[in-house]
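Residue numbering for the sequence shown is 5 to 163, as defined by my numbering. Okay, so here's the structure we're looking at.
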Amino acid sequence: MHIRSADADDFAAIKAVARETWHDTYDELDDALIDRTVDNWYTDDSMPLEAPGTVVLVVERDDGEIVGFTHAVAQGETADILRMYVAPDAQGEGIGADLHERLVDRLEAYDADRLRSFDFAFNDASRRFYEGLGFEQTDTGEVEIDGEYYDEAVYTLEL
């Protein structure tokens, strides 16, 4: 496995990992809603690689297949993980933890004191993942998708 900065040629693979993971993970959401959301949220416009404070990393196997990615933005003392996904067939191999570690290393350049992540409140696997990395759930919120609102959990890690 190799973790590297994403480039513009990676967006098709990023979108494929996101789509596969959303369909595998979010049973509570309609398949058509997932497809529309992935098509809108996982593009070079929604994940600008050159924006200040932005880190987008991909994980690729030795054969070049991308099996995971993360997208974070640092602003002031806080960095927010906006997306972190590992393909279902690659989960349980420590890839997410390795990706998180590399992300934290990259975010050190921005002097953030805390790291936050957001996910659907119903995603117990995400909660276990983040708590296993030392995050605590510190807040709740809502995320709007296609005019519907879903409860969101906010996890925080002091760096």
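C-beta atoms are modelled at their ideal positions from N, C-alpha and C, and glycine is treated no differently. Predicted, not measured: the structure shown is a model, and the values here were computed from it.
Q) Is it the case that the Cβ atoms of R132 and Q141 are separated by a distance below 8 Å? A) Taking the first residue of the sequence shown as position 1, residue 132 is located at position 128. Taking the first residue of the sequence shown as position 1, residue 141 is located at position 137. By the CB criterion at 8 Å, R132 and Q141 fall outside the cutoff.
Q.
Taking its Cβ as the centre, do 16 or more other Cβ atoms sit within 10 Å of R8, making it buried, or is it exposed?
A. Taking the first residue of the sequence shown as position 1, residue 8 is located at position 4. That one is exposed.
Q) Pairing CB atoms from the region 24-42 with CB atoms from the region 55-64, are three or more of them under 8 Å? A) By the Cβ criterion, the region 24-42 is not in contact with the region 55-64, since fewer than three pairs of Cβ atoms, one from each stretch, lie closer than 8 Å.
Q.
As a quick exercise: from D34, E32, R106 and A22, pick the residue whose alpha carbon is nearest that of D43.
A. As a working mapping, residue 43 is identified with position 39 in the sequence shown. If we check each option's Cα against that of D43, A22 comes out closest.
Q: Would you kindly work out how many angstroms separate the C-alpha atoms of E135 and G98, rounded to a whole number?
A: To locate residue 135, count along the sequence shown from 1; it is residue 131. To locate residue 98, count along the sequence shown from 1; it is residue 94. Computed Cα separation, rounded: 15 Å.
Q: Examine the Cβ distances between the region 71-85 and the region 114-122 and report whether three or more of them are shorter than 8 Å.
A: With a cut-off of 8 Å, the region 114-122 and the region 71-85 count as touching, because enough Cβ pairs lie within range.
Q. Is the Cβ-Cβ distance between H104 and L53 less than 8 Å?
A. For the purposes of this step, residue 104 is taken as the residue at position 100 of the sequence shown. For the purposes of this step, residue 53 is taken as the residue at position 49 of the sequence shown. Result no, Cβ atoms of H104 and L53 do not sit closer than 8 Å.
Q.
Spatial neighbours of D150 within its chain, please: C-beta separation below 8 Å, excluding the five flanking residues on both sides.
A. Here residue 150 refers to the residue found at position 146 when the sequence shown is read from its first residue. So the qualifying residues of the chain are L37, R40 and T41.
Q: Check each candidate in G96, A76 and A94 and name the one with the smallest Cα separation from M88.
A: Within the sequence shown, the letter at position 84 stands for residue 88. Measuring C-alpha to C-alpha distances from M88 to each of G96, A76 and A94 identifies A76 as the nearest.
Q) Excluding sequence positions up to five away, which residues of its chain have a Cβ less than 6 Å from the Cβ of L86? A) Here residue 86 refers to the residue found at position 82 when the sequence shown is read from its first residue. The answer, listed in chain order, is H75.
Q.
So for Y114, helix, strand or coil by DSSP?
A. Taking the first residue of the sequence shown as 1, we reach residue 114 at position 110. Helix at Y114.
Q) Do F73 and I129 come within 8 Å of each other at the CB atom, strictly closer than that value? A) Counting from 1 along the sequence shown, the entry for residue 129 is found at position 125. Counting from 1 along the sequence shown, the entry for residue 73 is found at position 69. As written in the sequence, residue 129 is Ala, which differs from the Ile given in the question. Against a cut-off of 8 Å, the Cβ pair of F73 and A129 comes out as no contact.
Q) Apart from the five residues on each side of it in sequence, which residues of its chain come closer than 8 Å, Cβ to Cβ, to E156? A) Position 152 of the sequence shown, counting from 1, holds the residue named residue 156. Answer for E156: F122, D123, F124, A125, T144, G145, E146 and V147, listed in chain order.
Q: Kindly provide the ranges of any beta strand (DSSP E) runs that are 3 or more residues long and lie completely inside the region 72-116, ordered along the chain.
A: The region 72-116 contains these whole beta strand (DSSP E) runs: 82-90.
Q: Have a look at E112 and T160 and give me their C-alpha separation to the nearest angstrom.
A: As a working note, residue 112 is residue 108 in the sequence shown. As a working note, residue 160 is residue 156 in the sequence shown. When rounded, the distance between both Cα atoms is 16 Å.
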